[in-house]
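Working notes for the structure below.
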Amino acid sequence: MAVREVLLMGHPVLQQRALPVEDIDTLHIQEILVDMRDTMAELDGAGLAAPQIGISLRIIMFGIAHNPRYPEVEPIAETVLINPEIDVLDDRMEEGWEGCLSIPGMRGNVPRHSKIRYRGYSVNGERIDRTVDGFHARVVQHEYDHLEGILYPQRMIDMSDFGFEQALLKRSDENVATLDS
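Numbering-wise (the working numbering), the sequence shown opens with residue 56 and increments by one.
Printed below as a string of structure tokens:
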């Protein structure tokens, strides 16, 4: 269908809690999913939430194949998750570098729960129920936050670990290009 404009930090839609999807099996929802997939692919993102393209509905998609931008992470099958829920399974937090298509060119070191269970519905209305950890858990939590009106800088503890990717790469050997969604 179309590559959509990604809203930038500060836009009111990104600051509000998204509404639940009432009926998955509609042409409107299918069109949104095609636009999300096209947009995510065009921008090389690891994930995308419907609010990022101006649609305040509880829809996220994520996935990553072997990609030179993410050489150290395990592949994640492309997943559409409608009306997701998350349960934290481990209180242990892991810090990791994140970026966001709604905050282009910036990165931050963000603490996330190391192990979660997520549930929701697929594009076909089938129930999804997975337990994940590591990068997979990070991606899901990042996208879920978009549905709650939260952007990753709001999760950061130390704002000295927030900046433009180019500057951060010059100051450190760390891989700051870990997650773009």
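The beta carbon of each residue, even a glycine, is placed where N, CA and C say it ideally should be.
With respect to the C-alpha of PRO67, the residue from LEU223, LEU202 and PRO159 having the closest C-alpha is LEU202. Per DSSP, the unbroken beta strand (DSSP E) holding VAL165 starts and ends at 158–168.
Residue state for ASP146 is assigned as coil, using DSSP reduced to three classes. Distances from the CA of ALA101 to each of TYR173, LEU224, HIS197 and ASN138 were compared; the closest alpha carbon is that of HIS197. For ASP200, the enclosing alpha helix (DSSP H) covers residues 189–202. In the structure shown, GLU153 falls within a strand segment according to DSSP collapsed to helix, strand and coil. TYR207 sits away from GLY160, with the two beta carbons spaced by 9 Å or more. Burial is judged here by how many other beta carbons sit within 10 angstroms of a residue's own beta carbon; GLU153 has at least 16 and is buried. Take GLY204, set aside five residues on each side of it, and the residues of its chain with a beta-carbon closer than 6 Å to its own are GLN70, GLN71 and ARG72, in chain order. By the beta-carbon neighbour count (other beta carbons within 10 angstroms, threshold 16), PRO139 is buried.
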